[in-house]
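Add 4 to the 1-based position in the sequence shown for this note's numbering, that's all there is to it.
Every residue, glycine too, gets a C-beta built ideally from N, C-alpha and C.
Read through the structure below, which is laid out as structure tokens, and then see the notes.
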Amino acid sequence: TSEGTDRQKFEYAFEVYDINGDDMIERKEAKKILNLLCRIQGFSENDAVMYTNTLMLTFDTNQDKVLSRTEFINGCLHDSTLGHISNPFAI
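Right, dumping it as structure tokens:
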């Protein structure tokens, strides 16, 4: 199904974001990847900061200041704007 394909893409995207391999996405990791994705897509560094803040606030459902694999994938699947900007495959 389409959702299965999207889920697989976001599973892989999680691995890209999880730079240090601790199975969590920290704000600094999200900012680094979103900055690269925004630059590739023609957005500014300020846009990357805004997307990072929104991503962390929206997807961090348990408010522990990091994103688990489940939080990231579910967030991407349910928020089409952030899911698109966060997806390295959407470029």
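Asked                                                                                         : Found
Proximity to Leu40 [Cα-Cα], best of Asp26, Glu30 and Thr56                                    : Thr56
Distance between beta carbons of Phe76 and Ile29, contact taken as under 8 Å                  : 6 Å
Environment of Gly46 [buried if 16+ CB atoms lie within 10 Å]                                 : exposed
DSSP-derived helix/strand/coil call for Ser84                                                 : helix
Contact check, Cys80 vs Ser72, beta carbons under 7 Å                                         : no
Option in Thr74, Thr58, Met60 and Asp51 with minimal Cα separation from Glu19                 : Thr74
Local conformation of Ser72 per DSSP, three classes                                           : strand
Close beta carbons around Arg31, own chain, < 6 Å, minus the five adjacent residues each side : Met60
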